[in-house]
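Encoded as structure tokens, the structure appears first; notes follow it.
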């Protein structure tokens, strides 16, 4: 009988471990994405540009925008593309307007393509994942400062930065109810 | 892909275009669609050959090694040599397939040096097209003729609707012989954009951007559908691409740019 | 096929009638419960398939609205996978494993009872969602967010029932492993076990490793919907693609769970009817183990179009192609078993031979799907539907049917009618091909999956497929008739019901006694 008990104990531990593993996949996936630039994930913490030197390569960066779930927002880049020198910091901004008659809470999510170049697109300052509150009819400028890392491979083409703006007012309301 | 195989395939391919009894994918009108088709046919022929050999041996055995024919069972039941042989040979065949497959994949994923960029956004249940450099922007949804016919109990004969379920109100116009980069995203749930004759599909994921490239070599109208389940009208949000020579495209852009400009004056 | 236990009742004060079935801890009774349940679910899932095929008979919408159609496709898959195929294999495991290894019962008989009784409860809950106002689940059995997060009130019930089904499978797997590892008759080393026992042992390990991952994934869906987490929504820093990774990490081993026991069955039946030992037993064991291990590193081939980096696409293309090697080895070993054998073609053998041919065809379309650049054209079309139905229907289901015909005399002591069995075989095989082969064509021609209506150029093959589906369904009624007819026969089967059958179960009387191998047999 002890043979059976030992088998059962080990298997039960394996079951619990595999359940935990599925949750561990969440941070594993995130880390893997950041290291490899999978899914166009860019740095989430502001990048401090210490070791970057200007170099004589130029890259075209295109800016696009999306509004999720047809929210009543106008959200567009101020310029749709910039030709930038690698290793030099640049500023640009997006414009957001609340087209509804209510105050809204919003958040933006970035994505870069091609994914393999996402790791070289360093944001020094950006509005991603910072919740914004925007009043009815208000217009806001949302600035970003970025720099292209010298490590960018030589044969890369254009880089596209995309932001998706989400209206999260409903989620905010629910947490405020608690 | 050597010239001989291309010759053979293109000679046999017309056999497979018998209208409604379509049994094969189209060779397509762009380098990526062509490459996918050629690879598809290569692997298909290899599996046909393997099938003929393996099933041939089986049928032979079923006929000759029957008890009713007086066959007496042999007693052999293992052989390391034979196991090694039929592990190594399939492995070698697979390596042979993997080489062209990898080359084709690398070619398909290279979106550099595109001349124009179009952002495609999937919605429940239609598409939006934003021409980034040319400032054109519009929604494209299932045409009314199809939408009326497809309602449950509509009593409309769908065979009489032109391009039933594959027609839209506003077509996506693209120039031929131009490398176009398509950026894909979605507004609500995951969709997928697919026009088989011009390229393979890719998912449109809310909050994320994907990309693919097309270079349409022949003018024409190409139709496709959403290919990721996105809710009740997943089957009713087609894509229509009209490929025209560059001059016609430029004219179309200037006609449609006005809409966009009107939008921006806030 | 229940054993007469009247005499036991008096000795052991065992309940009879309904209470017998509710409280039984006997592996033969529980095996029967699983098999009858699976047959019922097969018809329920089959009915849903017929709703789908009726609607797809012609272009235009004739019978259902798109939202309900999506519920049918979702439920059809959930029922067939979790209600028909998996319970059938567990039923076969319950009946056969103890007898094959010379053990008196499973290691944990009471847990065994509970593992079964979870199922009717869970499926009642799952099926009841079809009657909710907001309808049942309609996001596909793969439940991808954000679509699945838009679901109505059915969502928590669906998730709860899948949790229950997963628990049942996990408990069953623990039972199987504990039994096989600890209760084999003296002298039966691992490499002397019947091959069916090996395939179930490996399947049970796959269940232990993969089902808890599904549990994690669906719990994350639940908390994203109701408890403010954002695993899968970009707004909160999450990613819908993350769900796909977690789901398919479970999902791919799951499809091997659905086929490995079938391999074991075919590896049992072919030698029996060729009157020749299985060729390459050791090789078959290693091939099965290789398939199981490889199944953990191929999952993203279900996701080639999500926008993975090139390196990922290449990696998964290579590993997926690689899995064809051990699978091919198995097919060659079966053919080598037949070669220079002395074959007869009773119904179990017919189904096993059809399995080899038709499963291999499913394998060929699988190899084509593995090629990533080509998959960009096949993904989410009917080509994929054709592929997985070939490996699951003339694959897994044929093996289950073959196993039932093969072991029926052992379970009941009665022989089925061979002529009727052959008719069932031919009708089933012909209709299965009429149903699923045309799906390759419409898929290649551009027809997407999961759509209730299609462009008119797809009409002809869809009509053929629909006719085939109804024919296939009707043929299964013949199967039920054969079963009931058999149960009314007198007990005439020999202990060794088939001339070429090997294994400890054939040393027992037919029908096998309610308790067998109370003392373990000697194995040389």
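Protein chains in written order, with the numbering used here: chain U, 1 to 178; chain L, 1001 to 1266; chain F, 2001 to 2524. By construction, the Cβ of each residue, glycine as well, lies at the ideal position given by its N, Cα and C atoms.
Assignment of beta strand (DSSP E) within the segment 2286-2331 of chain F, counting only whole runs of 3 or more residues, yields no such run. Under DSSP, the beta-bridge partners assigned to residue 1130 of chain L are L:1119 and L:1137. Secondary structure note for residue 107 of chain U: its beta strand (DSSP E) is the uninterrupted segment 104-113. In the displayed model, residue 1201 of chain L falls within coil according to three-state DSSP, outside both helix and strand. Taking 9 angstroms as the cut-off, the beta carbon of residue 2205 of chain F is found closer than this to the beta carbon of residue 2292 of chain F.
Under the Cβ criterion of 9 angstroms, residue 2090 of chain F is not counted among the residues facing chain U. The three-state reading of DSSP puts residue 1245 of chain L in coil, since its state is none of H, G, I, E or B. DSSP places residue 2065 of chain F outside both helix and strand once states are collapsed to three, so it counts as coil.
The continuous beta strand (DSSP E) containing residue 1175 of chain L extends over residues 1172-1175. The beta carbon of residue 2202 of chain F is closer than 7 angstroms to those of 2260, 2288, 2289 and 2292 in its chain, skipping five residues each way along the sequence.
In summary, residue 158 of chain U is buried, with 16 or more beta-carbon neighbours lying within 10 Å of its beta-carbon over all protein chains present. Under the three-state reduction of DSSP output, residue 2505 of chain F falls in the helix class. Runs of the alpha helix (DSSP H) spanning 4 or more residues and lying entirely within the segment 2189-2232 of chain F occur at 2195-2226, in chain order. Of the residues assessed, residue 1021 of chain L falls on the exposed side of the cut-off, its CB having fewer than 16 other CB atoms within 10 angstroms.
Of all residues in the segment 72-83 of chain U, none comes within less than 7 angstroms of chain F when Cβ atoms are compared. Going by C-alpha positions, residue 2448 of chain F is about 17 angstroms away from residue 2054 of chain F. Uninterrupted alpha helix (DSSP H) stretches at least 4 residues long and entirely within the segment 2043-2131 of chain F occur at 2066-2078, 2086-2101 and 2109-2128, given in chain order. Contact of residue 2283 of chain F with chain L is assigned, a C-beta pair being separated by under 9 angstroms. Checking the DSSP bridge columns, you'll see residue 1186 of chain L partnered with L:1122 and L:1206. The straight-line gap separating the alpha-carbon atoms of residue 1141 of chain L and residue 1257 of chain L is approximately 20 angstroms. Per DSSP, the beta-bridge partners of residue 125 of chain U are U:145.
Beta-bridge annotation (DSSP): residue 65 of chain U is paired with U:163. For residue 1180 of chain L, the pairing in a beta bridge is given by DSSP as L:1116 and L:1214. In the three-state scheme derived from DSSP, where H, G and I count as helix and E and B as strand, residue 75 of chain U is classed as strand. Secondary structure in the segment 2412-2460 of chain F: the alpha helix (DSSP H) runs of 4 residues or longer, each lying completely within the stretch, are 2418-2444 in chain order.
Counting the other CB atoms within 10 Å of its CB gives residue 2498 of chain F a total of 16 or more, which places it among the buried residues. For residue 114 of chain U, a Cβ of chain L is located within less than 9 angstroms of the residue's own Cβ.
In this structure residue 153 of chain U is exposed. Its beta-carbon is surrounded by fewer than 16 other beta-carbon atoms within 10 angstroms.
Residues of the segment 2201-2215 of chain F with a C-beta atom less than 7 angstroms from some C-beta of chain U are 2208, 2209, 2212, 2213 and 2215, listed in chain order. Taking a C-beta distance under 9 angstroms as the contact criterion, residue 1108 of chain L and residue 2373 of chain F qualify as a contact pair. Per DSSP, the unbroken alpha helix (DSSP H) holding residue 2177 of chain F starts and ends at 2154-2182. The beta carbon of residue 1058 of chain L falls within 9 angstroms of a beta carbon belonging to chain F, placing the residue at that interface. Going by DSSP, residue 1191 of chain L is part of the beta strand (DSSP E) stretching over 1191-1194. A straight line joining the alpha-carbon of residue 2036 of chain F with that of residue 2487 of chain F spans about 13 angstroms. Taking C-beta atoms as the reference points, residue 2439 of chain F and residue 1062 of chain L fail to come closer than 9 angstroms. Residue 2244 of chain F: member of the alpha helix (DSSP H) spanning 2240-2257, first to last residue.
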